[in-house]
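Notes to accompany the following structure.
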Amino acid sequence: MSAILLDALRYLGYILIFPGFLFCFLTGLLLCGIDRKLVARMQKRVGPPILQPFYDFFKLCGKETIVPATVTSKTVFLLAPLVGLASLVVLQLFIPIFSFRAFGAVADVIVILYLLLIPAVSVIMGGSVTGSPYAGVGLSREMVTILACELPLVLVLLSVAKTVGNALDTGLCFSLTQIAAFQAKYGSLILRPSMIPAAIAFLLIIPGETGNHPFDAAEAETEICEGMLAEYSGAPLGVYKLNHAVKMLTMTSLFIALFFGGIGTGIEQLAAAMGLTGGAAGMVVILLDVLVMFLLCVLTTAVGISFVHAVTARLKIEQIFKYYWTVVSGLALISLVLSWYGF
Amino acid sequence: MSTEFVRHFPIFAIMLYFLGAFLIVMLGKVRALRHGIAFVATAGPLALLIALVKPIMIDGGIIAYWMGNRVPAGGYAIGIALEVDALGLFFGLLIATAVFVSCLYSFRYMERDDNVPQYYTLFLMLAGGVMGLVLSGDLFNMFIMVEILTFAAVALTAFRNRANGALEAAFKYLVVGCMGSTCILAGTILLYAQARTLNFAQLSALIPGNLGTSTKLAFALLFIGFSTKAFIVPFHPLAADAHGAAPASISVLISGVLTKSGIYGLIRLTYFLFQTMELGTMQFWLVFLGSVSMFVCVTMALAQHDFKRLLAFHSISQIGYVLTAVGLATGLGVSAGLYHAMNHTLFKGLLFLAAGAVLHETGTTDLNRLGGLAKKMPHTTALFLIGAASISGIPPFNGFASKWMIYQAAYQKAAETGNIGFALVTIIALVTSTLTLASFVKVSQSVFFGRLPKEYEKVQEVPFGMRFAMGILALLCILTGLFPGLVTKYLTEPAARAVFSVGTYINSMMGEGTIILQNPVVNFAQAGVWSPINWLFLLIIALLAITIVAISGKYDRVREMNAEKPEGKYDLFFGGEESVYSQVGGEDLFWGFKHNWRHYFGFMHELHSGVVNDYALWAVVALALAIVYATIVL
Amino acid sequence: MIVFNYIASFFLIVLGFYCIVVKYNLVKTVIGLSIADYGVNLLIITIGFNPGGTAPIFTPGELTQASYFVDPIPQALTLTSIVIGACVTAMSLALVIKLKESYGTLDTREIRRLRG
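Those protein sequence lines, which keep their order, are chains A, B and C.
Counting in the working numbering, the first sequence runs from 4 upward without gaps.
Counting in the working numbering, the second sequence runs from 1209 upward without gaps.
Counting in the working numbering, the third sequence runs from 58 upward without gaps.
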């Protein structure tokens, strides 16, 4: 009985603190702050303090929430941001942090693919119930952006599944846990030539999925007043901002987990070299894992989001679609074909 | 219950429908009597078939029932037979459920129509026809049942003949449907010419060894015949027309039941009668047709601006998934296909009923004229959202469970055969799923959310009877999504095993030892492995935790408008202009997508010309291709 | 010559389908359906026919090894098929009348409100 209770407490800890809600909250917003600072520095501006997203969030939470008179369903209006956040937190639980995995076995590449849709759908639903024409335009663009990203994302994930499956001799492997275990054993996937186009494609998908700069037609502040968020205010808006930040964390850490999983072995060796044993070693390894993961996420953000943000102008929605379905999908397809024939 | 007693259940299940139809003709003038008869006639078969689950699904029995006890003599099946194996029962259960729910819904939905007794008569004829088709063990009887169901479906499509396009849709359906039926009859009789029997089991035993040119021709004819019933490409425009025009309760039957009868026919044809599924080319043919159906129809759906027409195209798109999965010819694939067929009946039924509810209250299904109904019809909206989430494959609803299996099966097949084509199928399936989501976002934006037009201020929630029918389907959608392990274990896996057990099927019909066919070893690993319970548990806890945190942080400190003193800040933001009614119409959504695909959409729009001659031409071309294919491949 | 029957029946089926495809008049479409149906009926009878056979009518005891009659099953099938064909014609003509009332034309090219 006490074992079950302990397990329950442990899982609750996973969900609420690490790698769940609290962890997502802190690292996500921090990542967002770093991104803003980086973009500013690249554009020769001073930029906001790194903790600015935290200030923004708490400020929004203190504001009153106005529900417009035209809102057709108040429940959906208020619940949509929370559902999005919850599904992002759950998604984060499934992404292995090198050797540390909160939940194994059930994690599945296809589940991830669909879980990534839920936050987007919830923001669409939230915008849709307001009846605002800006939200209408915004959700139309958001959906097209999702469609645009879906094809290359599918191709990337399938080529990863195929590569790992080839090596494991099972033909295919849809389990993230196995993908992580495979990389721990045989080195990162990025080291395989066939995976390099896929990794580049994934890097290009990240800003699209998170709705960051050149691909932010759906939120275009200067044009359609943040689209689906036009009618949101107060705490729900804060949660949306948080969702955006957490999604950056999710996408970047997924990128690391898929392509740089081999680094975890290095960390374990490092801990072993330091002569640590027993429980202390486990803790140190996890801490190091998280630290390295976060640093890599920052690096990925810097390359994949901030740099792209700093040097490009916003694309039109039909350009976004075309870009993803031709250039990025083409890259991913090269990877799939290469991995299919065993390179 | 002894098996001796249970043996009579299938014929009773069929006869109850026809008896009900007959009684309603005589006694249907009285409303209470009519409803009573219809209820008994639809609930009865469902109960009878559920009673068969234990002996057939779980114990693995097969019921061979000879009318008038004319058992085969001298190795020849003379009598007319019913044969119920797990596959037939599986489809029978789907049909009985859909018919029952649709009947419950009709009680209130059809109130305002005239000639209601005729409606129920045709309704029960349709149900009886489909039930007879799936439980029959005789090829000619299958043809008769196909004719009965086509007839009833055509008449019901034209039932509201003042509705826009109902007559037109019925006529088109009749022409192409009858071409299909003619093909089935011609195919049947060609098989008879070769084997001198019409019994399904005996034919299955005789044909594979005696493939001549005329049997190949018969295969092509039967294949096209059943394809018209399943409405796969190139017969999809008929489905769209018929669904759009028919009353919603009939759309449920057309999409949930009629298309299933076509799929059933195709499975029987390819796995039993000709046993062609070992041929790689045959698998390719089915998977190709399925993938084309799913992609073409989903893109067609995106271009629609009528609620029911949009749903109709989605219906065929989902049938494409089923056909693809069945065509993979692996244990997981067939199991996934049947699972998806079941889910398709449930969620598509739910969506059509929701569309019917909207039509019932507002009098239109035009996406460009509707909006904001969530305020007036909250329950319908919630039920619709469940259906939409199911069909788009959002976990944990049932669409996800079956689609996951289909992806897994397709990719596994690709990995096993090393054929990159099957990987392409996986990609198409995944992208189609997202496109499906997109078009349901469109529906929810332009019907239930968005802004409420002035003319619908007085709209009310639909009567309880209709919501109850929708509620049943919604509940089933959730349950089948939450427990994929149980569903695969007790429903789809026995049915999928039956698909691979031709030998058992023939022997239990014609007597032991008629044929010695080793049932292939089928791998069901991975089927129903993914359990959403853990995942859902996590999501719920996370959601609860976040909600509690949010509420303790005064998240719900909402200021609402005071009705007496409306303030400007509760108006919509219009960039400083005065707030006016404006709604982004259904057709204008996803412009970025449509713009890139404009040539494709333009081409498709031209192609679906609405002229019945064109559709007939497609049917003839498909027949010609099928004949060429069959003579080359078989 | 029985082979002419086969040729004729397939000719009728093809003719019927051809008629459905190329004729723009609703009534002609219905006629096309009927022709295809007759073709199938002819096919069924031909399959059941044995040259020189008698009608398959006999009383118990009359049936011997030497009895030679045509196959009765296709004849039963033909009857069913004819009935169904008549129903199809009736139903489609009823629809044609209604269509003429509401569209004011019998031209299939103008009966295309549902398209795209």
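Glycine included, each C-beta is placed from N, C-alpha and C at the ideal position.
Keep in mind the model is a prediction, meaning the values are calculated, not measured.
Among the CB atoms of chain B, one or more fall inside 8 Å of the CB of Y117(A). Across the structure, A1377(B) and L120(A) are spaced so that their CA atoms are roughly 37 Å apart. DSSP places Y1273(B) in the uninterrupted beta strand (DSSP E) bounded by 1271 to 1274. The straight-line gap separating the alpha-carbon atoms of R1242(B) and G211(A) is approximately 58 Å. Scanning K77(A), F57(A), V49(A) for the CA closest to the CA of P1586(B) turns up K77(A). Partner residues in the beta bridge of Y1284(B), as assigned by DSSP, are A1281(B). Among the CB atoms of chain B, one or more fall inside 8 Å of the CB of F74(C).
Using a Cβ-Cβ cut-off of 9 Å, V60(C) is close to nothing in chain B; its nearest Cβ partner there is about 13 Å away. Of the candidates M1275(B), R1320(B), V1338(B), D1322(B), the residue whose Cα lies closest to the Cα of F1226(B) is V1338(B).
Note on geometry: alpha-carbon atoms of S191(A) and F1605(B) lie some 35 Å from one another. Close partners of L1518(B) in chain A (Cβ separation under 7 Å) are lacking, with about 15 Å as the shortest Cβ gap.
For I64(C) and A1401(B), the gap between their C-alpha atoms comes out near 15 Å. Among the residues of chain C, those whose CB is under 7 Å from the CB of C1386(B) are L90, V145, following chain order.
By the 16-neighbour rule on beta-carbons within 10 angstroms, V1836(B) is exposed. From the beta-carbon of N1369(B), the residues of chain C found nearer than 7 Å are K155.
Listed along the chain, the chain A residues whose CB falls inside 8 Å of the CB of S1652(B) are M128, S131.
Apart from the 5 residues on each side of it in sequence, Q95(A) sits with its Cβ closer than 6 Å to the Cβ of P22, C27, T253 in its chain, given in chain order. For V249(A), the enclosing alpha helix (DSSP H) starts and ends at 237 to 262.
For E145(A), the closest of L175(A), S135(A), F218(A), F185(A) by C-alpha to C-alpha distance is F218(A). DSSP, read as helix, strand or coil, puts S1389(B) in helix. When the five nearest sequence neighbours on each side are left out, the beta carbons in the same chain lying within less than 6 Å of the beta carbon of A1609(B) are those of G1689, P1692, in order along the chain. Considering only beta carbons, the part of the stretch 1593 to 1607 of chain B lying closer than 7 Å to chain A consists of G1601, I1602, P1603, in chain order. Under the DSSP definition of a beta bridge, V1292(B) partners with I1271(B).
If you check the CB distance, S1654(B) and G1579(B) come in under 8 Å. In its chain, beyond the 5 residues on either side, L1241 have a beta carbon closer than 6 Å to the beta carbon of L1235(B). Around the beta carbon of L99(C), 16 or more other beta carbons lie within 10 angstroms, which makes this residue buried.
Residues of the stretch 1390 to 1405 of chain B with a C-beta atom less than 7 Å from some C-beta of chain C are T1390, L1393, A1394, I1397, Y1400, A1401, listed in chain order. Spanning the alpha carbons of H1548(B) and V1530(B) requires a straight line of approximately 6 Å. In terms of Cα proximity to L1334(B), the closest of G1545(B), C1311(B), R1316(B) is C1311(B). In the three-state reduction of the DSSP assignment, D111(A) falls in the coil class, being assigned neither a helical nor a strand state.
Excluding its 5 nearest sequence neighbours in each direction, G1607(B) has C-beta neighbours in its own chain below 7 Å: N1551, F1555, S1598, I1599, S1600, G1601, listed in chain order. Residues of the stretch 1821 to 1841 of chain B with a C-beta less than 7 Å from any C-beta of chain C: N1821, A1824, L1825, V1828, listed in chain order.
Taking the Cα positions, W1805(B) is about 31 Å away from V1460(B). Here the alpha carbons of T1478(B) and M1613(B) stand approximately 22 Å from one another.
Around the beta carbon of A1622(B), 16 or more other beta carbons lie within 10 angstroms, which makes this residue buried. Contiguous alpha helix (DSSP H) elements confined to the stretch 1221 to 1265 of chain B occur at 1239 to 1260, taking only those with 4 or more residues.
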